[in-house]
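Okay, so here's the structure we're looking at.
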Amino acid sequence: MSGRPAPSYVVRVAEDPADREACFAVRKEVFVGEQGVPEDLEYDAHDPGAVHVLAVREDGVPLGTGRLLLGEAAVAQTGADLSVGSLGRLAVAAHARGLGVGVALVRAIEEAARARGLAAVDLHAQTHALGFYERLGYEAYGPEYLEAGIPHQAMRRSL
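Read in order, the letters of the sequence shown are residues -14 to 144 in our numbering.
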């Protein structure tokens, strides 16, 4: 390390096509490249209507992303409760891990859920990440299961 502080970043809702493409690029790097998730499973019919958030460094380099599903798009993930949103596709680029990007993304998704009147957020955590989400106030429920060949656990946090 050079002793220089880490570059600052912002987290914002991805509104324009360039931001969305940056979100998809981070997801491809992490889920498809690192974890071996098939590309046809990574991108789905929920992407166009989802609220995407993007963490981007001050020099424009994308650091992480996540998405929030709402309403009918979320019911399969939330037990058919329309007052609950579904946080998913949370990914932080390898070079940005340990900078607090994941926490900032989760909090931005929660804020987007609150702004839309939701009462809680559900997520399907990879089991290695349970501790991360527990530290952010999420509680596991239900049995462990496989998603894209990776062990997962459902979790929820009231807002």
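Virtual Cβ for every residue (Gly too), placed ideally from N, Cα, C.
Beta-carbon contacts of residue i that lie in its chain and below 8 Å, excluding the five residues immediately before and after
i      : result
M(-14) : Residue confidence for M(-14) is low, a pLDDT of 43 falling below 50, so the modelled location carries little weight and cannot support an answer.
K13    : E24 and E27
A76    : V11, R12, E14, V15, F16, G49, T50 and G51
The ligand SAM heavy atom lying under 8 Å from the CB of residue i
i   : result
L55 : Judged by which ligands are present, the structure shown has none, so any question about the ligand SAM falls away.
Residues bridged to residue i [DSSP beta-bridge criterion]
i    : result
G147 : The chain is shown from -14 up to 144; residue 147 falls before or after that span and cannot be answered.
H37  : R52
A76  : T50
Y28  : BP columns for Y28 are empty, so no partner.
Residue i and residue j closer than 9 Å at C-beta
i    : j     : result
G51  : L72   : yes
L115 : V88   : no
G48  : V38   : Looking at the sequence shown, residue 48 is not Gly but Leu. No, the Cβ-Cβ distance between L48 and V38 is not below 9 Å.
E6   : A79   : no
A93  : Y(-6) : no
Y130 : R141  : no
Cβ shell of residue i (< 6 Å), same chain only, five flanking positions each side left out
i    : result
V69  : T63, A105 and D107
V150 : Because the chain is modelled from -14 through 144, residue 150 falls outside the range shown and cannot be assessed.
Rounded separation between residue i and residue j - CA only
i     : j    : result
R(-3) : A40  : 7 Å
L84   : F117 : 14 Å
V46   : A30  : 26 Å
Beta-carbon contacts of residue i that lie in its chain and below 7 Å, excluding the five residues immediately before and after
i    : result
L103 : S68, V69, G70 and L144
Those runs of the alpha helix (DSSP H) which lie wholly inside the segment 95 to 141 and span at least 4 residues
115 to 120
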